[in-house]
Amino acid sequence: MKKLKDNLSQKEINKVMTGCACITLKDYLENVRIEYAKTKDLKKAHTMLQETFEKFIKQYKNLDEKQMKFLRKSGWGIAGKLEGNMIISTKIPKEFHKYFQTSDAQKKKYYYCHCPRIRELFLHNEKPPDVNYCYCSAGFNKDIWEYILQKEVKVGVIESLMKGDEVCKIAIYV
-7 MKKLKDNLSQ KEINKVMTGC ACITLKDYLE NVRIEYAKTK DLKKAHTMLQ
43 ETFEKFIKQY KNLDEKQMKF LRKSGWGIAG KLEGNMIIST KIPKEFHKYF
93 QTSDAQKKKY YYCHCPRIRE LFLHNEKPPD VNYCYCSAGF NKDIWEYILQ
143 KEVKVGVIES LMKGDEVCKI AIYV
């Protein structure tokens, strides 16, 4: 990260890091993309993405209805909360059940974080590196919305465990 900071602008660093993101399969997004292409209705696309996410995550993480209600209310997950032309997506914990079962602050961060490079640092109580790493995670959201909308979107890291926040929130400017 030091080399990036020494040689690139913040905008360029963001571009590099968002380009490093884990990319989701697009099969389950196809119907959302097609509907948006036909209607240009962002709210409808957002609702469809939320429904698709809920169907997947409930089974994948073995969540009950109470947990699903919490996700919806909190805006946790890939769809997040639509606010005008901005979506605020709060990452869900990587290890959902363990996250809610522990009260240990370090383990909680470890169970929350998806990044294999960063999460181990939380477990060993080491100082996490630069928050710019979180733009890799933001790239995950960027890729999803760019696929659905078929245009470039901007992203920003609003909250991050690496800044001492309780959760990681990504703004997607559509």
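My numbering applies: residue -7 is where the sequence shown begins, and numbers increase by one. Glycine residues also receive a C-beta, built at the ideal position from the N, C-alpha and C atoms.
Its chain contains C160 as the residues whose beta carbon lies nearer than 6 Å to that of K83, once the 5 sequence neighbours on both sides are disregarded; these appear in chain order. Using a 10 angstroms sphere on the CB of P108, the tally of other CB atoms stays under 16, which defines it as exposed. Per the coordinates, the alpha-carbon of C128 lies some 30 Å from the alpha-carbon of K30.
Between I162 and V145, the gap from beta carbon to beta carbon reaches 8 Å or more. A direct Cα-Cα distance of roughly 10 Å separates D(-2) from I5.
Looking at S66, N124, K99, the one whose alpha-carbon comes closest to that of E112 is K99. The C-beta of I140 has 16 or more other C-beta atoms within 10 Å across all chains shown, which makes the residue buried.
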